[in-house]
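To start, the structure itself, in structure tokens.
There are 2 protein chains.
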Amino acid sequence: MPVTVSHKEQMDLIVAVLRGLGATEEEAFIQADVWTEADLRGIHSHGVQRLPVMVTRIQKGLMKVNVKPERVWSTNSVLNVDGKDGFGTAVCETSLRELTPAVRKHGVGVLTVRNAAHIGMVGYYAERRALEGLICLAFTTTEVLVHPFGGAEALVGTNPIAIGIPGIKRPFLLDMATSVSAMGRIIAFKHRGEKIPEGWAIDKDGNPTTDPDAALHGSLDPAGGPKGYGLGISIAMLSGLLAGMPCGREVLGTLDTDYRCTVGDLFILIDPQAFPGGPTLAAGVQRYLEELRASKPGKGFKQVSVPGDPESKLRDERLKTGIPHPEEVWHAAEQLRSTIVK
Amino acid sequence: MPVTVSHKEQMDLIVAVLRGLGATEEEAFIQADVWTEADLRGIHSHGVQRLPVMVTRIQKGLMKVNVKPERVWSTNSVLNVDGKDGFGTAVCETSLRELTPAVRKHGVGVLTVRNAAHIGMVGYYAERRALEGLICLAFTTTEVLVHPFGGAEALVGTNPIAIGIPGIKRPFLLDMATSVSAMGRIIAFKHRGEKIPEGWAIDKDGNPTTDPDAALHGSLDPAGGPKGYGLGISIAMLSGLLAGMPCGREVLGTLDTDYRCTVGDLFILIDPQAFPGGPTLAAGVQRYLEELRASKPGKGFKQVSVPGDPESKLRDERLKTGIPHPEEVWHAAEQLRSTIVK
Chain Z
1 MPVTVSHKEQ MDLIVAVLRG LGATEEEAFI QADVWTEADL RGIHSHGVQR LPVMVTRIQK
61 GLMKVNVKPE RVWSTNSVLN VDGKDGFGTA VCETSLRELT PAVRKHGVGV LTVRNAAHIG
121 MVGYYAERRA LEGLICLAFT TTEVLVHPFG GAEALVGTNP IAIGIPGIKR PFLLDMATSV
181 SAMGRIIAFK HRGEKIPEGW AIDKDGNPTT DPDAALHGSL DPAGGPKGYG LGISIAMLSG
241 LLAGMPCGRE VLGTLDTDYR CTVGDLFILI DPQAFPGGPT LAAGVQRYLE ELRASKPGKG
301 FKQVSVPGDP ESKLRDERLK TGIPHPEEVW HAAEQLRSTI VK
Chain B
343 MPVTVSHKEQ MDLIVAVLRG LGATEEEAFI QADVWTEADL RGIHSHGVQR LPVMVTRIQK
403 GLMKVNVKPE RVWSTNSVLN VDGKDGFGTA VCETSLRELT PAVRKHGVGV LTVRNAAHIG
463 MVGYYAERRA LEGLICLAFT TTEVLVHPFG GAEALVGTNP IAIGIPGIKR PFLLDMATSV
523 SAMGRIIAFK HRGEKIPEGW AIDKDGNPTT DPDAALHGSL DPAGGPKGYG LGISIAMLSG
583 LLAGMPCGRE VLGTLDTDYR CTVGDLFILI DPQAFPGGPT LAAGVQRYLE ELRASKPGKG
643 FKQVSVPGDP ESKLRDERLK TGIPHPEEVW HAAEQLRSTI VK
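For the record, the sequence lines run as chains Z and B. Quick note: the first sequence uses the working numbering, first residue 1, plus one each step. Quick note: the second sequence uses the working numbering, first residue 343, plus one each step.
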């Protein structure tokens, strides 16, 4: 029995719970916004269902509220931030805003964030920068869930990349993990009692499997075999190591309630106005994407889609009709409010 | 009957031909080096077999020799170069060298190149920067050969990405197209009279095919379906449009002898020393890659490989034993020398 809630109801609930735990207005709002934007787009694995884990993490002291990040400019274009175990969402978003004037001045700027909690849907930040007219490449690390191409052990995170590029009607937004699928989707197959498609995962012994249970004890296949693997480990090294954080098995603390968060985040921001194609970029983006959408569909497809299109459509609908949640997800969030908010 | 030539023989031949056509010493050497590095690594599609097409392009005036690129710094960190229809290889490599001091000063720098010929194996530039201690993300565009995920028409280039990261013994190098395979490999299957694997290509009507002929008249599948598609069009817009060049169908002139080259090239250089993890980056890279190599292989694999490993091994061998070429490839190159070099 799903419960449907409005954008405002969800924002208010999350803000109230986090404020009740001592988060600042800014921390609570940005965290609520990141989760709610994910739920609006149907990416529920990165939405309000993560609230109970975060509450436990805060209560156990694994994550801190009311934190002042330590921001150090190593050059006029590079900002390195120690998040002091605070909200990854707020630390990243506020640091990106601080970086922006330097990007407009120098044409490019880089932000790394370390010692901060999970930043949620990485496309959130890329889309916002693109709405402000900047190009953003965003990377983060995750716990190891993916095996190397040709390997049998989970040694790579789903390490996502997001790319935001200014457009006319709305920005172009790519937001993708470097694995074929996500553990969250495999859990959903398990709940429905269905087999997972071939090519998604291997079992703990390294054999391809369509059994969701075996996959959950095994590891995810990298997207496109050696290519997703290559990108995944590149992101591990760029986003993890460069930020001064670990990569591989030492990345912890995004889903559990036992460890400090050890992800690393990397953002490269580019101002198109510093480039020959800058003045006509948005129009060119619009023209190319329209050409793709209008092109001949392949066998079994009705229309060619552009990354971000389905999510954007769903978001528009849900802003009007509300966000559906499984009853237990919303109930858990409401319970936390009644316990925490006096 | 393959012919085996030494590294020096191949370099000398290419330099002689290009010098004979009026190229400067620097243009000829860099072009020869890019092609020869590709052949050493077994990437023959990007090696000396491209010489006859380039000679024709120069003779027809589609490509220029002895060119002075127009270099404009739009900010202290952004260099935009008009290659004046010259060698893409020499324009990129010399411009990257010019950008490097700015990268060391500001921690990051960006180069775009427009109006220059095909830059060859994009990993060439990324690896060189990594050998100098810098991180390099390199992108370029190609003619449309790939269909959108869910589409039936070629509207996307194989648009490759290369990522170079400093290491201990040697740099980490990822160099990959965003399609599953390459047209060159499909041509090789055709020559051997073999079917291509499923999931590589579709025919001209959008149906999956294992017939190399049908694939050559159709289009390549993007790597990892929607993911390679998303990356491919991102690179089209970033590398093409940002550089002031087109994307999609208007990209021409890398393989043909009819059009000026209209690719766009984008390089993002990062100095690790401006980042918290900089001082320990190479050691961390080495440790992670060793862990991957030593991990348990999957079904049907003997060992887990790291991107760049097989190419690096082959390069070491061929520096000793020489580079094998089909007789007609080497013969064509020698013929050009005897015609052009008086």
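For glycine and all other residues, C-beta sits at the position ideal for the given N, C-alpha and C. Here the structure is a predicted model, which is why all the values come from computation and not from measurement.
Item: Coarse secondary structure for residue 456/B, derived from DSSP in three states; Value: strand
Item: Minimum C-alpha distance to residue 401/B - residue among 418/B, 428/B, 377/B and 410/B; Value: 428/B
Item: Alpha helix (DSSP H) segment containing residue 572/B, residue limits; Value: 568 to 577
Item: Proximal residues of chain B, C-beta to C-beta of residue 296/Z below 8 Å; Value: 493, 494, 495 and 548
Item: Residue span of the alpha helix (DSSP H) that contains residue 476/B, given as start and end; Value: That residue, residue 476/B, is in no alpha helix (DSSP H); it is neither H nor E in DSSP.
Item: Residue 172/Z: contacting residues in chain B (beta-carbon distance under 9 Å); Value: 575, 576 and 579
Item: Identified DSSP bridge partners for residue 667/B; Value: 345/B
Item: Cut-off 6 Å between Cβ atoms - residues of its own chain near residue 430/B, not counting five sequence neighbours on either side; Value: 458, 459, 460 and 461
Item: Span separating the alpha-carbon of residue 604/B from that of residue 585/B; Value: 10 Å
Item: Buried/exposed call for residue 294/Z, threshold 16 Cβ in 10 Å; Value: exposed
Item: CB contact below 8 Å: residue 458/B versus chain Z; Value: no
Item: 8 Å Cβ cutoff, residue 434/B in contact with chain Z; Value: no
Item: Near-chain B residues of the segment 205 to 229 of chain Z - C-beta to any C-beta below 9 Å; Value: 205, 206, 207, 208, 222, 223, 224, 225, 226, 227, 228 and 229
Item: Terminal residues of the beta strand (DSSP E) in which residue 270/Z lies; Value: 265 to 270
Item: Under 7 Å (Cβ pairs) to chain B, residues found in the segment 282 to 314 of chain Z; Value: 284, 285, 288, 291, 292, 295, 296, 297, 298, 299, 301, 304, 305 and 307
Item: Supposed close pair residue 665/B, residue 382/B - CB separation, criterion 8 Å; Value: 6 Å
Item: Assigned secondary structure, residue 526/B (DSSP; H/G/I helix, E/B strand, else coil); Value: helix
Item: Segment contact flag, the segment 105 to 114 of chain Z with the segment 260 to 275 of chain Z, C-beta cutoff 8 Å, min 3 pairs; Value: yes
Item: C-beta atoms of residue 144/Z and residue 157/Z nearer than 8 Å; Value: yes
Item: Beta carbon of residue 646/B nearer than 8 Å to that of residue 652/B; Value: no
Item: Collapsed DSSP secondary structure at residue 330/Z in the structure displayed; Value: helix
Item: Cutoff 8 Å: residue 528/B Cβ touching any chain Z Cβ; Value: no
Item: Closer than 8 Å to chain Z by CB, residue 590/B; Value: yes
Item: Interface residues of chain B facing residue 121/Z [CB-CB closer than 8 Å]; Value: Within 8 Å Cβ-Cβ: nothing; residue 121/Z doesn't reach chain B, min ~15 Å.
Item: Bridge partner(s) assigned by DSSP for residue 45/Z; Value: Answer is none; residue 45/Z lacks a bridge partner.
Item: Host alpha helix (DSSP H) of residue 412/B (start-end); Value: Unbroken run through residue 412/B is the beta strand (DSSP E), 412 to 415; no alpha helix (DSSP H).
Item: For residue 296/Z, the three-state DSSP class (helix, strand or coil); Value: coil
Item: Burial state of residue 97/Z, where buried means 16 or more other Cβ atoms lie within 10 Å; Value: exposed
Item: Range covered by the beta strand (DSSP E) that runs through residue 102/Z; Value: Where residue 102/Z is concerned, there is no enclosing beta strand (DSSP E), although the alpha helix (DSSP H) it sits in stretches over 88 to 106.
Item: Beta carbon proximity, residue 168/Z to chain B, threshold 8 Å; Value: no
Item: The segment 311 to 331 of chain Z / the segment 2 to 16 of chain Z touching (three or more Cβ pairs under 8 Å); Value: yes
Item: Helix, strand or coil at residue 176/Z according to DSSP, with G and I counted as helix; Value: strand
Item: Beta-carbon separation (whole angstroms), residue 557/B vs residue 547/B, contact threshold 8 Å; Value: Not confirmed; about 12 Å, so no contact.
Item: Limits of the unbroken alpha helix (DSSP H) element including residue 558/B; Value: 554 to 558
Item: Beta-carbon spacing of residue 411/B, residue 426/B below 8 Å; Value: yes
Item: Per DSSP, cross-strand counterpart(s) of residue 420/B; Value: 452/B
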